[in-house]
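A.B. asks:
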């Protein structure tokens with residue numbers, strides 16, 4: 001289902017155990033909701049709304065990583081350890097996951113991240129500081145990454 005959350009249009013899916021998928025939508029022909037009967041989806045909507053309005057910097061909504069290789073899941077869990085307002089390079093994540101030369105594989109795992117925002121792949125940038133690789137580096141994806149990083153940078157004390 002499509003939900004309007006802050007200035008984003010999101011497709012959010014959840015199991016009985018946690019959020020399984022968040023997808024940014026440019027547009028939709030579906031009905032747009034602002035509430036869900038699923039308590040986990042509703043918690044996700046509330047927390048993303050609070051995050052976007054600078055009320056929280058961490059998420060407590062449970063996640064359910066149903067898909068992904070063991071390597072991808074290790075990368076996604078490492079991404080959750082990146083502090084709010086801080087960026088890491090693909091190299092930093094490769095080192096943290098004990099795969100020091102796996103920069104491209106880290107990038108691919110970020111690209112396949114099923115739960116962006118909550119698993120903050122937007123905080124991963126190139127070693128040169130360039131913003132790359134958000135939803136396949138589309139203009140739409142990079143604008144989202146830039147927006148999220150600007151939000152976090154503007155919320156630091």
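In full-length UniProt numbering, the protein residues as written are 1 to 157. For every residue, glycine included, the Cβ atom is placed at its ideal position computed from N, Cα and C.
Specify the secondary structure class of residue 115 as computed by DSSP and reduced to three states.
C.D. replies: Coil, per DSSP.
A.B. asks: If residue 90 and residue 103 are in contact, beta carbons under 8 Å, what's the gap, nearest whole angstrom?
C.D. replies: Confirmed, about 4 Å.
A.B. asks: Take residue 143 as the anchor and find which of 7, 48, 22, 47 has the nearest alpha-carbon.
C.D. replies: Ranking 7, 48, 22, 47 by Cα distance to residue 143 puts 7 first.
A.B. asks: Going by CA-CA distance only, name the one from 115, 107, 119 that's closest to residue 127.
C.D. replies: The candidate whose alpha carbon is nearest that of residue 127 is 107.
A.B. asks: Would you check if the region 5-21 and the region 38-56 touch, i.e. whether three or more CB-CB distances between them fall below 8 Å?
C.D. replies: Touching, yes.
A.B. asks: Under a three-way DSSP split, which group does residue 25 fall into?
C.D. replies: Note: residue 25 maps to coil in three-state DSSP.
A.B. asks: What are the residues that DSSP puts in a beta bridge with residue 15?
C.D. replies: According to DSSP, residue 15 bridges with nothing at all.
A.B. asks: For residue 50, which option in 82, 117, 145 has the closest C-alpha, if you only look at C-alpha atoms?
C.D. replies: It is 117.
A.B. asks: Hey, quick one: how far does the alpha helix (DSSP H) through residue 145 stretch, first residue to last?
C.D. replies: Unbroken alpha helix (DSSP H) run through residue 145: 139-154.
A.B. asks: Under the DSSP definition of a beta bridge, which residues are partnered with residue 5?
C.D. replies: Paired residue(s): 8.
A.B. asks: Report the rounded CA-to-CA distance for residue 105 versus residue 66, giving the unit in angstroms.
C.D. replies: Spanning the two alpha carbons is a distance of roughly 19 Å.
A.B. asks: When burial is assigned at 16 or more other CB atoms within 10 Å of the CB, is residue 100 buried or exposed?
C.D. replies: With fewer than 16 other Cβ atoms within 10 Å, it is exposed.
A.B. asks: Would you decide whether residue 14 is buried or exposed? Buried here means 16 or more other CB atoms lie within 10 Å of its CB.
C.D. replies: Buried is the call here.
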